[in-house]
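The structure appears right after this line, and notes come after that.
Chains as they are written, first to last, in the working numbering: chain A, 23 to 240; chain B, 23 to 240.
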């Protein structure tokens, strides 16, 4: 087995069952790096405990603690930092234009896909009646927002199918963080019984190719 | 008057009254660059017209057309591209760690601030009854989401006040895109009669300092 480079003095706060930290797990697996990982049990509310609030006052994973004890949160920020530590393979783009285009697609997939699934999931899940938004503040569920989320996911599938009719990957001809975000969104959608339409041939073919990458098991 | 460098062959699609393109306008003003600008009249639905759909099929501004005719959308992607064209003054950070930290704060301000105001605004504005989400698809307003948005804006003000109690600017000791996003969020909130609490002294002091910068007039 090839040795993987260990990025020392970093600590990754993860939750094995949650979609957002999975984006970082896949990113890390694609890079072939090895980071000390701590599981945060979102089910029992460990993200709200004093100990984790000291790490990330916004009470969300993923979070990445740096060697000076400070903490990075938000997926794109964590991935930007990891890309700088381990540039190969590039998942954020090589040229300035490619980097901008990948950032753009990553935002589109987040807004149109991942956040739509999250609206649908969080505003309907039995265990989240008073936690319909992430973070430390309690918000009650809004059933109409769950429904809007489901409609938006259908639009997202159509939009991605169109984009993938002309491109091998979401942001062009290279696998990138935008594909990771989209893969996580599609798998998250399956948990609320939303699946890619039968006739979305380009999306389905892309999904098949990205989900057999070893990193997808992360 | 000093001459401003003109970034040739770029075309910026703007809307003078809208908050998201204002983020790019302020960014451009801070850089002191001069870009050909086209106004898109969101009030009359020009973003849904065939001509603009060819530029950005997601029907939102800001958008930046590059010299090959292709288009970038999403604020962070556009700003990343412009920062590469004109690095000084840096608004996205100098070191890898600073860049990651600025990206992180920009996302926090977007999610906790700007999107919260947008939820409150779009789900209550008389002119947006069937356009409660940006983009080409019609979604009806959800009054409960407008209310949740208003509650989240109050939390955002408190969170920023706390962050600014230890930092001159949102992401640390340098004016950055995170400050631009926060300034735009605070001004957007005022349009729905939400203002910074009287006792949010750090936030108010920061607001005063950033809103007198010449770029804030953009």
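No residue lacks a Cβ here, since even glycine has one placed at the ideal position from N, Cα and C. None of these values were measured; they are calculated from a predicted model.
Query - chain B contact residues for residue 98 of chain A, given Cβ-Cβ distances below 7 angstroms - result: Stepping through the first chain from its first residue, residue 98 of chain A is reached at position 76. Ordered by position in chain B, the residues that pass the 7 angstroms Cβ test against residue 98 of chain A are 125, 129.
Query raised in the report: Beta carbon of residue 138 of chain A, beta carbon of residue 174 of chain A: below 8 angstroms?
Result: If you number the first chain from 1, residue 138 of chain A lands on position 116. If you number the first chain from 1, residue 174 of chain A lands on position 152. It is a contact, given that the beta carbons lie within the stated cut-off.
Query raised in the report: Which of helix, strand or coil does DSSP assign to residue 129 of chain A?
Result: Position 107 of the first chain holds residue 129 of chain A. Correct three-state label for residue 129 of chain A: helix.
Report task. Decide yes or no for the touch test of the stretch 94-104 of chain B against the stretch 122-132 of chain A: beta carbon pairs closer than 8 angstroms, at least 3 of them. Result -> yes
Report task. Would you grab the beta carbon distance between residue 61 of chain B and residue 36 of chain B for me? Rounded to a whole angstrom, and I think it's under 8 angstroms. Result -> Position 39 of the second chain, counting from 1, holds the residue named residue 61 of chain B. Position 14 of the second chain, counting from 1, holds the residue named residue 36 of chain B. Rounded, the Cβ-Cβ distance is 6 angstroms, consistent with contact.
Report task. For residue 102 of chain B, return the contacting residues in chain A, with the cut-off set at a CB-CB distance below 7 angstroms. Result -> Translated into the one-based positions of the second chain, residue 102 of chain B becomes position 80. By Cβ distance, chain A contributes 121, 122, 125.
Query - Delimiting residues of the beta strand (DSSP E) encompassing residue 95 of chain B - result: Stepping through the second chain from its first residue, residue 95 of chain B is reached at position 73. Unbroken beta strand (DSSP E) run through residue 95 of chain B: 93-95.
Query raised in the report: Do residue 41 of chain A and residue 210 of chain A have their CB atoms nearer than 8 angstroms?
Result: Mapped onto the first chain, residue 41 of chain A falls at position 19. Mapped onto the first chain, residue 210 of chain A falls at position 188. A contact, by the Cβ cut-off of 8 angstroms.
Report task. Go through the stretch 53-134 of chain B residue by residue and report every complete run of the alpha helix (DSSP H) that reaches 4 residues or more, in order. Result -> 72-77, 97-107, 118-131
Query raised in the report: Among the residues of its own chain, which have a CB less than 8 angstroms from the CB of residue 134 of chain B, if the five just before and after it don't count?
Result: In the second chain, counting from the first residue as 1, residue 134 of chain B sits at position 112. Excluding positions up to five away in sequence, the list reads 174, 177, 178, 181.
Query raised in the report: Quick one: what's got a C-beta closer than 6 angstroms to residue 228 of chain A's C-beta in the same chain, skipping five residues either side?
Result: Your numbering for residue 228 of chain A matches position 206 in the first chain. Taken in chain order, the residues that qualify are 186.
Query raised in the report: Does DSSP classify residue 178 of chain B as helix, strand or coil?
Result: Position 156 of the second chain holds residue 178 of chain B. Three-state DSSP puts residue 178 of chain B in a helix.
**Report entry** Among B:160, B:82, B:156, B:171, the one whose alpha carbon lies nearest that of residue 162 of chain A
**Finding:** Translated into the one-based positions of the first chain, residue 162 of chain A becomes position 140. Among B:160, B:82, B:156, B:171, the Cα nearest to that of residue 162 of chain A belongs to B:171.
Query raised in the report: Any idea what DSSP makes of residue 149 of chain A, helix, strand or coil?
Result: Residue mapping note: residue 149 of chain A aligns to position 127 of the first chain, counting from 1. Note: residue 149 of chain A maps to helix in three-state DSSP.
Query raised in the report: Per DSSP, what kind of secondary structure is residue 143 of chain A in: helix, strand or coil?
Result: The residue given as residue 143 of chain A occupies position 121 in the first chain. Residue 143 of chain A: helix per DSSP, three-state reduction.
Query raised in the report: If we ignore side chains and look at the alpha-carbon of each, how far apart do residue 76 of chain B and residue 73 of chain A end up?
Result: The count along the second chain starts at 1 and reaches residue 76 of chain B at position 54. The count along the first chain starts at 1 and reaches residue 73 of chain A at position 51. Whole-angstrom Cα-Cα distance: 50 angstroms.
Query raised in the report: Among all the DSSP beta bridges, which residues are the ones paired with residue 36 of chain A?
Result: For the purposes of this step, residue 36 of chain A is taken as residue 14 along the first chain, with counting starting at 1. Note: residue 36 of chain A sits in a beta bridge opposite A:61.
Requested in this report: Give the DSSP-derived three-state secondary structure of residue 31 of chain B in the structure shown.
Outcome: Taking the first residue of the second chain as 1, we reach residue 31 of chain B at position 9. Strand at residue 31 of chain B.
Query raised in the report: Looking at C-beta atoms only, is the number of pairs between the stretch 40-54 of chain A and the stretch 81-89 of chain A that lie closer than 8 angstroms three or more?
Result: yes
Query - Option in A:160, A:158, A:155, A:230 with minimal Cα separation from residue 191 of chain A - result: Position 169 of the first chain, counted from the first residue, corresponds to residue 191 of chain A. That would be A:230, whose Cα lies nearest to the Cα of residue 191 of chain A.
Query - Buried or exposed (CB count within 10 angstroms, at least 16 for buried), residue 145 of chain A - result: Numbered from its first residue, the first chain carries residue 145 of chain A at position 123. Buried, since its Cβ has 16 or more Cβ neighbours within 10 Å.
Query raised in the report: For the putative contact between residue 103 of chain B and residue 119 of chain A, defined by C-beta atoms under 8 angstroms, what is the C-beta separation to the nearest angstrom?
Result: Residue numbering aside, residue 103 of chain B sits at position 81 when the second chain is read from its first letter. Residue numbering aside, residue 119 of chain A sits at position 97 when the first chain is read from its first letter. Confirmed, about 7 angstroms.
Query - DSSP beta-bridge partners of residue 161 of chain B - result: Position 139 of the second chain, counting from 1, holds the residue named residue 161 of chain B. Beta-bridge pairing links residue 161 of chain B to B:153.
Query raised in the report: At a CB-CB cut-off below 7 angstroms, which residues of chain A make contact with residue 95 of chain B?
Result: Stepping through the second chain from its first residue, residue 95 of chain B is reached at position 73. The contacting residues are 126.
Requested in this report: Select from A:31, A:67, A:39 the residue whose C-alpha is nearest the C-alpha of residue 239 of chain A.
Outcome: If you number the first chain from 1, residue 239 of chain A lands on position 217. Closest option to residue 239 of chain A, Cα to Cα, is A:39.
Query raised in the report: By how many angstroms is the C-alpha of residue 101 of chain B removed from the C-alpha of residue 99 of chain A?
Result: Looking up residue 99 of chain A in the first chain gives position 77. Looking up residue 101 of chain B in the second chain gives position 79. In a straight line, the C-alpha of residue 99 of chain A is about 15 angstroms away from that of residue 101 of chain B.
Report task. Could you check the C-alpha separation between residue 272 of chain A and residue 151 of chain B for me, to the nearest Å? Result -> No information on residue 272 of chain A is available, as it lies outside the stretch 23 to 240 that chain A covers here.
Query raised in the report: Nearest to residue 106 of chain B by alpha carbon, out of A:105, A:116, A:112?
Result: Translated into positions along the second chain, residue 106 of chain B becomes position 84. Taking only the C-alpha atoms, the option nearest residue 106 of chain B is A:116.
Query - 8 angstroms Cβ cutoff, residue 186 of chain B in contact with chain A - result: As a working note, residue 186 of chain B is residue 164 in the second chain. Residue-level contact check: residue 186 of chain B does not touch chain A, since none of the beta carbons of chain A fall below 8 angstroms from its beta carbon.
Query raised in the report: Since residue 227 of chain B is in the alpha helix (DSSP H), which residue starts that stretch and which ends it?
Result: Within the second chain, residue 227 of chain B is the residue found at index 205, counting from 1. Element bounds for residue 227 of chain B: 223-233.
**Report entry** For residue 140 of chain B, the nearest candidate out of B:233, B:53, B:71, B:203 (CA to CA)
**Finding:** The sequence position of residue 140 of chain B within the second chain is 118, counting from 1. Of B:233, B:53, B:71, B:203, the residue nearest in Cα terms is B:203.
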